[in-house]
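Below is one structure, written out as structure tokens; comments come after it.
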Amino acid sequence: AQSVTQLGSHVSVSEGALVLLRCNYSSSVPPYLFWYVQYPNQGLQLLLKYTSAATLVKGINGFEAEFKKSETSFHLTKPSAHMSDAAEYFCAVSESDNNNDMRFGAGTRLTVKP
Amino acid sequence: DSGVTQTPKHLITATGQRVTLRCSPRSGDLSVYWYQQSLDQGLQFLIQYYNGEERAKGNILERFSAQQFPDLHSELNLSSLELGDSALYFCASGPSGGASNEQFFGPGTRLTVL
């Protein structure tokens, strides 16, 4: 069965620094990959998704992720962190067209220091 | 605002009781997904409905059931509640359930079982 592993349950960066959140996946077929963000007391919001088109995916709020098949990775990056980026980030994988087998990682809490 | 509404926001009840969580999907979305988010299990897919019919089941306990009504709103019924059922329950909706389609998450219902 497909799965994702998010390395680092907590990541802390300074404002203006590079954000790098790591995600590795396991899938028996070409996967669909997603990054979601969850702000305190809110539901999840899609940041970006990979669906076998371009390997470098640009999302909202300046985030992007690169699909690397050889490394089974889909790391999330942002060149310059803002205070408003502080949230929990979830990587997810799906193998089906129906999207009903989505598996989420454990999440990474991003803290941004002034 | 994702357009997905969930009621109630908070629910406090006792062990052995039964509760019903309600979800209204975005206008036009046919698919509804239910997820449970807890500290120890993370975010887990429970069940999906598509246009009134059950499409897929995930890690849903037999004590839990769901349905989707003709107006496309959905209800998740949790019975014989246990302390371990305390969690955030999210509903998400999507147009047709395809993996290339985004799932839009509601704000969640926080269930506390005492």
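Just so you know, the sequences run in chain order P and V.
Every position in the first sequence, counted from 1, becomes a number in this note's numbering once 73 is added.
Every position in the second sequence, counted from 1, becomes a number in this note's numbering once 2 is added.
The beta carbon of each residue, even a glycine, is placed where N, CA and C say it ideally should be.
Can you tell which of the options has its C-alpha closest to the C-alpha of residue i?
i, options, result
"PRO104/P", "PHE163/P, SER146/P and SER153/P", "SER146/P"
"GLY180/P", "CYS164/P, ALA154/P and SER153/P", "CYS164/P"
"GLN50/V", "SER33/V, GLY110/V, HIS75/V and PHE71/V", "SER33/V"
"ALA74/P", "VAL102/P, LEU129/P and LEU106/P", "VAL102/P"
"LYS151/P", "GLU161/P, LEU80/P, TYR123/P and ALA138/P", "ALA138/P"
"GLU77/V", "SER4/V, CYS25/V and ARG65/V", "CYS25/V"
"LYS11/V", "PHE92/V, PHE106/V and PRO27/V", "PHE92/V"
Does residue i come out as helix, strand or coil in the three-state DSSP assignment?
i, result
"SER157/P", "helix"
"LEU85/V", "helix"
"ASN79/V", "strand"
"ASN134/P", "helix"
"LEU149/P", "strand"
"GLY96/V", "strand"
"GLU139/P", "strand"
"GLN115/P", "coil"
"GLN75/P", "coil"
"LYS186/P", "strand"
"THR128/P", "coil"
"VAL102/P", "coil"
Is the CB-CB distance between residue i and residue j below 8 Å?
i, j, result
"SER88/V", "LEU113/V", "yes"
"ARG176/P", "HIS83/P", "no"
"THR17/V", "LEU80/V", "no"
"ALA160/P", "VAL86/P", "no"
Any heavy atom of the ligand ADP within a distance shorter than 7 Å of the CB on residue i?
i, result
"VAL166/P", "The ligand ADP is absent from the structure shown, which contains no ligand whatsoever."
What are the uninterrupted segments assigned as beta strand (DSSP E) that are 3 or more residues long and contained completely in the stretch 40-74 of chain V, given in chain order?
44-52, 55-59 and 66-70
Could you run through the stretch 148-165 of chain P and flag, in chain order, every residue whose CB is less than 9 Å away from some CB of chain V?
PHE163 and ALA165
Name the residues in the stretch 122-141 of chain P whose C-beta lies less than 8 Å from a C-beta of chain V; which are they?
LYS122 and THR124
Check each residue of the stretch 36-61 of chain V: if its Cβ is closer than 7 Å to any Cβ of chain P, include it; give the result in chain order.
GLY44, LEU45, PHE47, GLN50, ARG57 and ALA58
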